[in-house]
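Student: Structure incoming, see below.
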Amino acid sequence: MRIEEFVSNSGPKLRGDYSRARADFTVDQDPSAYTAEEQGLWRRLYARQMKILPGRAAPDYLRHLAALDAGDAIPDLEAVSRRLRRATGWELAAVPGLIPDLAFFALLAERRFPVTVWLRKPEEFDYIVEPDIFHDFFGHVPLLFEPAYADYMQAYGRGGLKAARLDALAMLARLYWYTVEFGLVRTADGLRIFGAGILSSGGEVAYALESPKPRRLAFDLERILRTEYRIDRFQDTYFVIESFARLVEDTAPDFTPIYERLRALPPIAPHAVMDGDRPVQAAAKM
Ligand code: PHE
Ligand code: FE
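Quick note, the sequence shown lines up with residues 72 to 357 if you use this note's numbering.
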């Protein structure tokens, strides 16, 4: 989709400056353009998450996050890209905000992760509807340094381009939602968070692991492809993977026949209980 078309179709809700975007929707980040207020807000967002993530976030995530040393200032995306290329062959692509599905998949398929350049307003400290640089960077970038996760993200991008041809984007989007955004992983020490939507949230971190309310189910590809989700509240159901390597394996088969079969079945409501669901024991309290 052309940029002008995307901007006018999206209406006035779209935040960000698309006027300087290239045809692939990327822009240049100007790391010196952030105000002192924005830098202060970044530090407060970062510090708040660091109080709640140890012992709750996936160990791989915490290790890569620490190595990024991004707590003091909004990161320079080019500088991080240089390190990321050496680690897993990924790079970061600055974008003005939300971009069309196909542009998003095309970037992922090239091992380029889009990161929004703008930061939320102070009044959005606890809750923001659209992804900003704090969600995109803090939530998503650390695990791009993890080889199996990095491979999964590229496979997802390729899978997205294919799902678009097969008219199966609604199904595939649920896989992104329940893994990349809201996934949990089982470790020897209990459940841990790897989904960026939880990791960058002030409230959902403790809820996802410790609340008795949501269901925590073992990863099940076809169940996930059918399960609807809510974007405006904490999740009713989380899915738990065994490892990133297993996630890559479990999603490697050709989805074409799976989409065809699932299309004939009704979707599953976010809170539904199904025959065959395998609940996973919540993390042991420390
Ligand atoms: N195996 C999927 C397909 O054939 C592609 C994919 C891989 C999708 C990993 C998502 C995640 O469509
Ligand atoms: Fe995200």
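We put the beta carbon where it would ideally sit given N, CA and C, even for glycine.
The ligand PHE and Phe175: does any heavy atom of the ligand fall closer than 7 Å to the residue's C-beta?
Tutor: No; taking the cut-off as 7 Å, the Cβ of Phe175 has no heavy atom of the ligand PHE nearer than that.
Student: So, with DSSP's three-state summary, where would you put Gly274?
Tutor: Three-state result, Gly274: coil.
Student: Between Thr327, Glu108, His206, His211, which has its C-alpha nearest Phe184's C-alpha?
Tutor: Comparing Cα-Cα distances from Phe184 to each of Thr327, Glu108, His206, His211, the minimum goes to His211.
Student: Please tell me whether, using a cut-off of 7 Å, the distance from the CB of Pro202 to the nearest non-hydrogen atom of the ligand FE is below it.
Tutor: For the ligand FE, at least one heavy atom lies less than 7 Å from the Cβ of Pro202.
Student: Could you tell me which residues DSSP puts in a beta bridge with Leu367?
Tutor: Nothing can be reported for residue 367: it is not among the residues displayed for the chain, which extend from 72 to 357.
Student: Here's the rule I'm using: 16 or more other beta-carbon atoms within 10 Å means buried, otherwise exposed. How should Pro83 be labelled?
Tutor: It is exposed - the Cβ of Pro83 has fewer than 16 other Cβ atoms within 10 Å.
Student: Could you check where the beta strand (DSSP E) with Gly261 kicks off and where it finishes?
Tutor: That run of the beta strand (DSSP E) goes 261–264.
Student: Hey, out of Leu214, Asp307, Phe96, whose CA is closest to Arg287's CA?
Tutor: Among Leu214, Asp307, Phe96, the Cα nearest to that of Arg287 belongs to Asp307.
Student: Could you check whether the stretch 85–92 touches the stretch 157–169, counting it as contact only if at least three pairs of C-beta atoms, one from each stretch, sit closer than 8 Å?
Tutor: Because the criterion of three Cβ pairs below 8 Å is met, the stretch 85–92 and the stretch 157–169 touch.
Student: In whole angstroms, what separates the C-alpha of Leu296 from that of Gly266?
Tutor: Answer to the nearest angstrom: the Cα atoms are 17 Å apart.
Student: Confirm the yes/no value for this check: CB of Gly210, any heavy atom of the ligand FE, distance under 7 Å.
Tutor: Flag set: Cβ of Gly210 near the ligand FE.
Student: Taking contact to mean 3 or more Cβ pairs, one atom from each stretch, closer than 8 Å, check whether the stretch 308–316 and the stretch 239–258 are in contact.
Tutor: They touch, by the three-pair rule.
Student: Does Arg297 come out as helix, strand or coil in the three-state DSSP assignment?
Tutor: Arg297 falls in the helix class under three-state DSSP.
Student: Taking one C-beta from the stretch 209–225 and one from the stretch 153–160 each time, how about it: are there three or more such pairs within less than 8 Å?
Tutor: Yes, the stretch 209–225 touches the stretch 153–160.
Student: Can you check DSSP and say which residues form a bridge with Pro350?
Tutor: Answer by DSSP bridge pairing, in chain order: Leu288.
Student: Can you list, in chain order, the residues of its chain with a C-beta nearer than 6 Å to that of Phe274? Leave out the 5 residues immediately preceding and following it.
Tutor: Sequence inspection shows Gly at residue 274; the Phe mentioned does not correspond to that position. None.
Student: Express the C-alpha separation of Leu139 and Phe290 in angstroms, rounding to a whole number.
Tutor: Whole-angstrom Cα-Cα distance: 29 Å.
Student: Measuring CA to CA, which of Leu133, Thr258, Leu262, Ala279 is closest to Ile268?
Tutor: The sequence shown places Gly at residue 268, not Ile. Minimum Cα distance to Gly268 is reached at Ala279.
Student: Out of Pro350, Leu292, Pro341, point me to the one whose CA is closest to Asp325's CA.
Tutor: The option with the nearest alpha carbon to Asp325 is Leu292.
Student: Looking only at DSSP bridge pairs, what is Tyr220 linked to?
Tutor: Bridge partners of Tyr220: none, in fact.
Student: Could you tell me the boundaries of the alpha helix (DSSP H) in which Phe315 lies?
Tutor: Residues 315–321.
Student: Leaving out five residues before and five after Asp131 in sequence, what residues of the same chain have Cβ atoms less than 6 Å from its Cβ?
Tutor: Glu217.
Student: Could you please go through the chain and list the residues whose beta-carbon is closer than 7 Å to any non-hydrogen atom of the ligand PHE?
Tutor: In chain order, the hits are Tyr223, Ala226, Tyr227, Arg229, Gly230, Lys233, Ala234, Leu243, Leu246, Thr322, Ala323, Pro324, Asp325, Phe326, Thr327.
Student: State whether the stretch 141–154 contacts the stretch 223–238, with contact taken as three or more CB pairs (one from each stretch) at a distance under 8 Å.
Tutor: Not touching, per the Cβ criterion.
Student: Which residue comes first and which comes last in the alpha helix (DSSP H) that contains Val78?
Tutor: Taken as a continuous stretch (DSSP letters only), the alpha helix (DSSP H) holding Val78 covers 74–81.
Student: Measure from the alpha carbon of Ala180 to the alpha carbon of each residue in Gln120, Pro202, Phe196, Ala221, then state which is nearest.
Tutor: With distances taken between Cα atoms, Ala180 lies closest to Ala221.
Student: Is it right to say Met72 is buried, meaning 16 or more other beta carbons lie within 10 angstroms of its own, or is it exposed?
Tutor: Classification of Met72: exposed, given that the 10 Å Cβ count is below 16.
Student: Can you tell me which residues form a DSSP beta bridge with Tyr309?
Tutor: Beta-bridge pairing links Tyr309 to Arg287.
Student: Hey, would you say Ala316 sits closer than 8 Å to Ala226, going by beta carbons?
Tutor: Not a contact, by the Cβ cut-off of 8 Å.
Student: Does the stretch 193–204 come close enough to the stretch 239–251 that 3 or more CB-CB pairs lie under 8 Å?
Tutor: Judged by Cβ distances under 8 Å, the stretch 239–251 makes no contact with the stretch 193–204, as fewer than three pairs qualify.
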